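Input: a single structure, listed below in structure tokens.
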Amino acid sequence: MDPASYVLASHDRAAHLRADPVEADVWITVGNGRVRVSNGRLDRGDTSAGGADVFLGVIDGTRVAASVVERIEPKEEAVDLRAGFGLLDTAEIGLAAHAVAMARWIEATRFCAKCGHALTLTKGGHIALCASCSTEHYPRTDSAVIMALTDQDDRLLLARNTAWPAGMMSVLAGFVEPGESLEDAVRREIAEEVGLHATDVEYVGSQPWPFPSSIMLGFAARTSEVEITIDPTEIAEARWFTRAELQQAVKEDGLWVPPRGVSISTHLIERWYGGPV
């Protein structure tokens, strides 16, 4: 995984090969946010496992597709994609992220939003077509911003979401609203969640986050303010950290951040910190 931008594009999506029916040399199986594995690697079959078929692309000259099933049996062979970040290699993570994102979309897009009729997958599984009104439905990606906010003393702000366990903290994040620029979304989320006004918003990198269908757009931002006012409906606690304070909190106070290689949030934290926390 590219440490700067969490790029997972290990395969050529080869849109010109998206055919009906889907044709592939290798098939992986995905269902309910999980992928089938064997001996710590993506399980690769030579035929579809049934269900909906999606062409993923080409890697090393091999055409790869995914079979979207309701559930993977036996369940011991199914790995949640979050766990897969620490198990699979870079090439397999890219394929798995693509497959899970497509599967989530297919599972949620069975009927036409315009007329209510059942949809049929076409173009290698990348378009859901309504035979009744001819409306084409495309895979959905929800944009979210995630940002490392520092103050004039170069302290980093970390916060704990109300849904997170005690001890876990990370940088702020939130979804982009309609008609909003990414930079404005960064400033708005910071103001809403911790009551601070941000400046110097700078793009850092991105990460696909198919839980269920997001793209995380990473930023760095600064503020001249220090007084935090949290939104208690979303944030349980938030505070500023110097590098020494963060190191002490992790080693002695039970604070933990998302594991390396899982979320771009950790990259944003380590980018400020200067290395692994």
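Each residue of the sequence shown is one higher than the last, beginning at 551 in the working numbering. No residue lacks a Cβ here, since even glycine has one placed at the ideal position from N, Cα and C. Values in this document were obtained by computation on a predicted structure and should not be read as measured data.
Open item on the list: Please report the straight-line C-alpha distance between Q757 and S598, rounded to a whole angstrom.
Closed with: 28 Å
Task: Alpha-carbon to alpha-carbon, P762 and R632 - done: 12 Å
- [ ] Could you have a look at Q757 and say whether DSSP puts it in helix, strand or coil?
- [x] In the structure shown, Q757 sits in a strand (DSSP, three-state: E or B).
TODO: Just tell me which of T773, E620, R586, V585 has its CA closest to the CA of R705.
DONE: T773
Task: Contacts around G581, its chain only, beta-carbon distance under 7 Å, and the 5 residues preceding and following it disregarded - done: Within the same chain, G581 has close Cβ partners V618, V619, E620, R621, I622, A653.
Task: S684 versus A694, L671, R690, I696, residue with shortest Cα-Cα distance - done: L671 is the residue among A694, L671, R690, I696 whose C-alpha sits nearest the C-alpha of S684.
Task: P550 versus R737 - alpha carbon distance - done: No information on residue 550 is available, as it lies outside the stretch 551 to 827 that the chain covers here.
Task: Euclidean distance between Cα positions of A799 and K673 - done: 51 Å
- [ ] Would you tell me roughly how many angstroms separate the C-alpha atoms of S815 and R586, rounded to the nearest one?
- [x] 27 Å
TODO: Measure the alpha-carbon distance for A651 versus R568 and round it to whole angstroms.
DONE: 17 Å
TODO: With a cut-off of 8 Å on the beta carbons, I'd call V827 and V807 a contact; round off their distance for me.
DONE: 6 Å
Task: Range of the contiguous beta strand (DSSP E) that encloses D630 - done: 628-630
Task: Touch test, the region 608-615 against the region 704-720, Cβ-Cβ under 8 Å, three pairs minimum - done: no
- [ ] Could you tell me whether the Cβ atoms of L796 and I696 are closer together than 8 Å?
- [x] no
TODO: Note the first and the last residue of the continuous beta strand (DSSP E) segment covering V763.
DONE: Note that residue 763 is Ser in the sequence shown here, rather than Val. Careful: S763 lies outside any beta strand (DSSP E) and carries neither H nor E.
TODO: Only counting runs of 3 or more residues, tell me where the beta strand (DSSP E) segments fall wholly within the region 556-590, in order along the chain.
DONE: 576-581, 584-588
Open item on the list: Counting beta carbon pairs with one atom in the region 659-669 and one in the region 639-649, are three or more of them shorter than 8 Å?
Closed with: Using a C-beta cut-off of 8 Å, the region 639-649 makes no contact with the region 659-669, since fewer than three inter-stretch Cβ pairs fall below that distance.
Open item on the list: Quick check on the DSSP output: the beta strand (DSSP E) that includes D603 runs from which residue to which?
Closed with: 602-609
- [ ] Hey, could you find the ends of the beta strand (DSSP E) M639 is sitting in?
- [x] Note that residue 639 is Asp in the sequence shown here, rather than Met. No beta strand (DSSP E) holds D639; DSSP gives it neither H nor E.
- [ ] Return the bridge partner residues of V614 from the DSSP annotation.
- [x] V576, G607
Task: Counterpart residues of A770 in DSSP-defined beta bridges - done: A698, E752
Task: Residue ranges of each beta strand (DSSP E) within the region 707-740, 3 or longer - done: 722-725
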